C-alpha cells in the first residue's frame, strides 16, 4: 500500500485505480496524475487510460469493467463502471495457510460462565423465545416486568430478554424457511449466554413447539420451560404464569459466577454494515487479524452474509480445508443466484446508496473488502443459516447481507461475541451476545464516538499497522467476553435486533 502526498492510496502495484485519501479537487496532482474531476474522499481515480470493456483492478482483483473509455485522472464510479457476472474457474484448497496454534497452557483467558455441557457463556441472560408472532406481546410483557429494580437484586444476571419475530405461521411446515426458523430457536435455546429459557407459543401455529422438541430431542427442565397461550387460558394468564416461572429461575441463575476460561471457548461473529471504501483497507483486514489470533488460540470465527462475498468467493474456496467444504460454498453461491433471479433481483444491487456514497462501486469491490474480515486461516466448514457449528477455526455461515438477520443466525450457530465493522456509521447491537463496533475511518469514529468501540481509521491517519489495530480488537474482545460492557450495551441496544431470516412464501 503506497500513499502519495496524503492524497491517494494505491493498494497493489497491479491496480489501475487509486483511492482518494482526502477530497481531491479537479486539477490537483496525485500519483503524477492530474485529477480530471473532483474526486470525493474514498472514491477512485484512474491511474491509466482504461478502455471500454477493460478490467478495473483494485486489490489486484477485478472490481468491474469500464462502461466506456475512462481517461487517466478521471473519477471511476457507477457512471463509468459496470458489473458483469463471470464464471469462476474455482480452485480448491490451493492457498491453505495452517495456523501456528498457541499451546493450550499459553492461551489467554477470559472470565466466563462455564455451563454444565462444557460450553462457556460471555453473558448470563434469561431469554423468552416465541414460536410464533402471535405470542410476541406475551413475551415482551413478561420481559418488561423485570425492570432494573427487580434485576438489581440479582447482580449476576445480565437481564431478561424477549426474542420475538414476525413468522411461525402462514408458512409451510417443512422446507427451507421452516427449518431455518427451527434452527434459530434451537440455537438460542442451547446458547451458552442464556442460562434459562422460556419458550411461548399460541398453540395452533404451524411452528408447533412439540415439533421442535421432538425434532431435536429437547426435554423441559427447571431452566427450559414451554407454554402456550391457549393452554394457559389467555394472554393475561400467560403473562402472569410466565413472570412466575422467570422469578423461579432467577435465584439459582444469580448464583452462577464467572471463572477463568481459555479463549478457545470464544466464537466470534464477523459482521460489517454501512461499509465504505475504507472497510477493505482498515477495519476489515484488522478484524481479520483479530480473527486469526482467535483461531490460533483454538477459538472460532464465523463469517457470513453470502451476497456480500459474491465475486470474492473464489478467494475462500482456495482456503477451503478440502474440496467438500469448497463445494458447499459454491453450492450456496449458486443457490443465491437462483433465489435472487427468481425474485427479479440482482446480486449487484447489494451495494446500498450509502455504500456507493462511501466510494464502493460494485458488489465485487464490496465483497473483496468484506471477505478480508475472515483473516487468512483455512476455511474449515460452511454452515447453513443458523446451523450449529460442529468445527472450530474459521467457518462460513450462509445468510443474507441484512445485518440483523445475519447476526441472528450467527448467534444461533453458537457465537458468544459479535464484531461489527462500519464506515458510514451503525447503531447495531445484539443480545444475548455482546457486539463491538469498529470504525473504518477516524472522522466517523470521532463523530459517533458513543457508538464506536475501536477506531481502525488509525491505520491511515496514524500510520498504525493492521496487526496493531487487530491486536487491539482482540484484546477488547477478551475484555468484553469477561463482562466489560461494549458501547452498544451501554446504549441499551439488542432487544429488537432478533430477526430470523424468513425464506419462502407467507401464506
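Residue numbers (this note's numbering): 1 to 507. Beta carbons are placed, not taken as given, at the ideal position from N, Cα and C, and that holds for glycine. Predicted model only: the values in this text are computed from it and were never measured.
Suppose the cutoff is 7 Å on Cβ atoms and the five residues either side in sequence are ignored; what does the same chain contact list for residue i look like?
{"i": "residue 311", "result": "363, 364, 367"}
{"i": "residue 448", "result": "425"}
{"i": "residue 156", "result": "124, 254, 256, 257"}
{"i": "residue 50", "result": "16, 56, 66, 70"}
{"i": "residue 495", "result": "161, 431"}
{"i": "residue 140", "result": "162, 164"}
{"i": "residue 379", "result": "316, 319, 320, 321, 325, 394, 396"}
{"i": "residue 445", "result": "439, 452, 455, 457"}
Nearest to residue i by alpha carbon, out of the options?
{"i": "residue 327", "options": "92, 201, 397", "result": "92"}
{"i": "residue 197", "options": "221, 205, 180", "result": "221"}
{"i": "residue 355", "options": "59, 279, 287, 219", "result": "279"}
{"i": "residue 399", "options": "170, 52, 20, 180", "result": "180"}
{"i": "residue 273", "options": "117, 420, 463", "result": "420"}
{"i": "residue 409", "options": "195, 105, 177, 159", "result": "177"}
{"i": "residue 187", "options": "324, 389, 18, 54", "result": "389"}
{"i": "residue 480", "options": "59, 150, 417", "result": "417"}
{"i": "residue 305", "options": "143, 289, 374, 343", "result": "374"}
{"i": "residue 78", "options": "357, 432, 466", "result": "357"}
{"i": "residue 319", "options": "94, 210, 31, 32", "result": "94"}
{"i": "residue 503", "options": "169, 297, 276", "result": "169"}
{"i": "residue 19", "options": "287, 460, 382, 434", "result": "460"}
{"i": "residue 146", "options": "240, 323, 260", "result": "240"}
{"i": "residue 323", "options": "285, 184, 342, 382", "result": "382"}
{"i": "residue 64", "options": "385, 470, 348", "result": "348"}
{"i": "residue 212", "options": "173, 443, 468, 104", "result": "173"}
In whole angstroms, give me the CA-to-CA distance for residue i and residue j.
{"i": "residue 371", "j": "residue 231", "result": "48 Å"}
{"i": "residue 492", "j": "residue 485", "result": "10 Å"}
{"i": "residue 4", "j": "residue 455", "result": "Because the pLDDT at residue 4 is just 48, under 50, the model does not fix this residue reliably, and the point stays unresolved."}
{"i": "residue 336", "j": "residue 153", "result": "49 Å"}
{"i": "residue 84", "j": "residue 182", "result": "36 Å"}
{"i": "residue 12", "j": "residue 352", "result": "26 Å"}
{"i": "residue 190", "j": "residue 490", "result": "26 Å"}
{"i": "residue 457", "j": "residue 360", "result": "17 Å"}
{"i": "residue 500", "j": "residue 227", "result": "21 Å"}
{"i": "residue 340", "j": "residue 346", "result": "6 Å"}
{"i": "residue 465", "j": "residue 472", "result": "11 Å"}
{"i": "residue 413", "j": "residue 35", "result": "48 Å"}
{"i": "residue 14", "j": "residue 313", "result": "21 Å"}
{"i": "residue 122", "j": "residue 332", "result": "31 Å"}
{"i": "residue 33", "j": "residue 42", "result": "17 Å"}
{"i": "residue 31", "j": "residue 286", "result": "26 Å"}
{"i": "residue 271", "j": "residue 407", "result": "7 Å"}
{"i": "residue 149", "j": "residue 246", "result": "15 Å"}
{"i": "residue 505", "j": "residue 151", "result": "41 Å"}
Span of the alpha helix (DSSP H) holding residue i?
{"i": "residue 461", "result": "458-461"}
{"i": "residue 295", "result": "283-296"}
{"i": "residue 479", "result": "466-481"}
{"i": "residue 445", "result": "442-447"}
{"i": "residue 232", "result": "229-232"}
{"i": "residue 143", "result": "136-144"}
{"i": "residue 251", "result": "235-254"}
{"i": "residue 329", "result": "323-342"}
{"i": "residue 150", "result": "148-151"}
Following the continuous beta strand (DSSP E) through residue i, name the residue where it begins and the one where it ends.
{"i": "residue 109", "result": "109-114"}
{"i": "residue 380", "result": "379-383"}
{"i": "residue 419", "result": "417-422"}
{"i": "residue 490", "result": "Taken as a continuous stretch (DSSP letters only), residue 490 belongs to no beta strand (DSSP E), being part of the alpha helix (DSSP H) at 487-490."}
{"i": "residue 317", "result": "First-last for residue 317: 313-317, but that is the alpha helix (DSSP H), not the beta strand (DSSP E)."}
{"i": "residue 280", "result": "No beta strand (DSSP E) holds residue 280; DSSP gives it neither H nor E."}
{"i": "residue 95", "result": "Careful: residue 95 lies outside any beta strand (DSSP E) and carries neither H nor E."}
Determine, for residue i, whether the minimum Cβ-Cβ distance to residues of chain D falls below 9 Å.
{"i": "residue 461", "result": "No chain D appears in this structure, which consists of one protein chain only."}
Keeping to the same chain, check which residues put their C-beta closer than 8 Å to that of residue i; ignore five residues upstream and five downstream.
{"i": "residue 571", "result": "Here the chain comprises residues numbered 1 to 507, so residue 571 is not present and cannot be evaluated."}
{"i": "residue 203", "result": "228, 229, 230, 231"}
Report whether the distance from the Cβ of residue i to the nearest heavy atom of the ligand MN is below 8 Å.
{"i": "residue 285", "result": "Only the bare structure without any ligand can be found here, which leaves the ligand MN out of the picture."}
Apart from the five residues just before and just after residue i, which ones in its own chain have a Cβ nearer than 6 Å to its Cβ?
{"i": "residue 283", "result": "421, 438, 440, 456"}
{"i": "residue 52", "result": "66, 68, 69"}
{"i": "residue 80", "result": "67, 68, 70"}
{"i": "residue 2", "result": "Any reading at residue 2 is ruled out, since the residue's pLDDT is 46, under 50, leaving its predicted position unreliable."}
{"i": "residue 238", "result": "138, 229, 232"}
{"i": "residue 158", "result": "123, 124, 125"}
Identify every run of the beta strand (DSSP E) within the stretch 165-223, keeping only runs that are complete inside it and at least 3 residues long; order them along the chain.
194-201
Ordered list of alpha helix (DSSP H) runs contained in the stretch 349-405, each at least 4 residues:
353-357, 363-371
Ordered list of beta strand (DSSP E) runs contained in the stretch 57-85, each at least 3 residues:
61-66
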